[in-house]
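Quick notes on the structure that follows.
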Amino acid sequence: MTEVIKILVLLVAFSSHGLGQITIDGREGNVVYSSVVNTIRYTGMDDCTGLTAKIEGLEKERSFVDCKFEITGLIQDTSGLVIKNNSGAVLFDTLLIKNKNRATAYLHIGDGLFLEGSINKKNLGKAEGIRVKYACPWIEEPKIYGFHLIITEKSGAFRQYEISGGRIPKRIRDEISGLKEPNRIYIEQINWVPIGCFESINGIVLDIK
Numbered sequence: 007m008t009e010v011i012k013i014l015v016l017l018v019a020f021s022s023h024g025l026g027q028i029t030i031d032g033r034e035g036n037v038v039y040s041s042v043v044n045t046i047r048y049t050g051m052d053d054c055t056g057l058t059a060k061i062e063g064l065e066k067e068r069s070f071v072d073c074k075f076e077i078t079g080l081i082q083d084t085s086g087l088v089i090k091n092n093s094g095a096v097l098f099d100t101l102l103i104k105n106k107n108r109a110t111a112y113l114h115i116g117d118g119l120f121l122e123g124s125i126n127k128k129n130l131g132k133a134e135g136i137r138v139k140y141a142c143p144w145i146e147e148p149k150i151y152g153f154h155l156i157i158t159e160k161s162g163a164f165r166q167y168e169i170s171g172g173r174i175p176k177r178i179r180d181e182i183s184g185l186k187e188p189n190r191i192y193i194e195q196i197n198w199v200p201i202g203c204f205e206s207i208n209g210i211v212l213d214i215k
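One rule links them: number in my numbering = place in the sequence shown (from 1) + 6.
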């Protein structure tokens with residue numbers, strides 16, 4: 007949450023100067039996600055021949071192809087971007103913001119995605135499964151092979167299920183929705199396919215009210 011607030015503050019605080027604007031993978035803004043390809047397009051000219059882009063912290067200048075170039079991340083948390091013509095004149099400058107491309111697992115219930123806090127007992131039967139989302143908005147949701155679902159009760163009893171795939175079968179949804187006094191739900195041991203190496207994924211713990 008703190009990281010999201012920090013990015014919002016930076017977006018408000020820093021503006022662009024010069025001719026035109028940039029988009030990142032077709033979206034307006036200046037957030038660059040780590041460990042993925044970010045395609046930066048300059049919209050200030052129809053022909054970008056001879057233009058170069060210099061990003062603070064990166065030694066190599068970028069050349070434009072069809073008014074765009076690619077980067078896979080930033081060295082610093084914030085980095086200045088300067089676009090120059092072949093005479094060295096600055097046409098455009100702005101500040102790029104680094105954001106980690108973390109994956110987060112959520113419990114999917116109806117139209118909502120839940121990570122922490124509590125859910126209503128009557129919604130247990132609507133729990134469809136889990137979804138994993140990356141911070142980067144243009145990355146597709148990764149495939150889920152399975153996970154462990156545990157429901158505890160106030161009496162100290164618990165139900166444990168090994169789910170295949172990302173969806174909770176109707177049989178299990180019906181069973182857990184019939185519990186008299188469930189008090190907590192756990193999602194553990196998520197088996198998924200990350201886009202990179204050495205990625206971890208969170209578990210989920212939700213109180214049941």
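Yeah, the Cβ is synthetic: ideal placement off N, Cα and C, and Gly gets one too.
Using the Cα positions of Lys215 and Gly162, report the straight-line distance between them to the nearest angstrom.
Here residue 215 is taken as the residue at index 209 of the sequence shown, counted from 1. Here residue 162 is taken as the residue at index 156 of the sequence shown, counted from 1. The alpha-carbon atoms of Lys215 and Gly162 are separated by roughly 16 angstroms.
Can you tell me which of the three DSSP states Asp72 falls into?
Taking the sequence shown and counting its residues from 1, the one referred to as residue 72 is at position 66. Coil, per DSSP.
Inter-stretch contact (C-beta, 8 angstroms, three-pair minimum) for the region 182 to 189 and the region 122 to 139:
yes
How should Ala95 be labelled, buried or exposed, when 16 other C-beta atoms within 10 angstroms of its C-beta is the threshold for buried?
Your numbering for residue 95 matches position 89 in the sequence shown. The residue is exposed, with fewer than 16 neighbouring Cβ atoms inside 10 Å.
Using the rule of at least 16 other Cβ atoms within 10 Å of the residue's Cβ for burial, across every protein chain shown, is Leu113 buried or exposed?
As a first step, residue 113 must be located in the sequence shown, where it is residue number 107. Label assigned to Leu113: buried.
Should Ala81 and Val43 be called a contact, given that it needs their Cβ atoms to be closer than 9 angstroms?
Here residue 81 corresponds to residue number 75 of the sequence shown, with the count starting at 1. Here residue 43 corresponds to residue number 37 of the sequence shown, with the count starting at 1. Sequence inspection shows Ile at residue 81; the Ala mentioned does not correspond to that position. No, the pair does not count as a contact, with Cβ atoms beyond the cut-off.
Counting only the same chain and skipping the five closest in sequence on each side, list residues whose C-beta sits under 8 angstroms from that of Asn26.
Residue 26 sits at position 20 when you count from the first residue of the sequence shown. At residue 26 the sequence reads Gly, which differs from the Asn that was named. Around Gly26: Tyr48, Thr49, Gly50, Met51, Leu97, Phe98.
Counted within 10 angstroms of its Cβ, other Cβ atoms place Asn105 as buried (16 or more) or exposed:
To locate residue 105, count along the sequence shown from 1; it is residue 99. Classification for Asn105: buried.
Determine, using beta-carbon pairs with one atom in the region 116 to 130 and one in the region 140 to 155, whether at least three such pairs fall under 8 angstroms.
no
Express the C-alpha separation of Ile156 and Ile125 in angstroms, rounding to a whole number.
Taking the sequence shown and counting its residues from 1, one reaches residue 125 at position 119. Taking the sequence shown and counting its residues from 1, one reaches residue 156 at position 150. Taking the straight line from one Cα to the other gives about 15 angstroms.
Can you list, in chain order, the residues of its chain with a C-beta nearer than 6 angstroms to that of Glu62? Leave out the 5 residues immediately preceding and following it.
To locate residue 62, count along the sequence shown from 1; it is residue 56. Excluding sequence neighbours, Glu62 sits near Ser85, Gly86.
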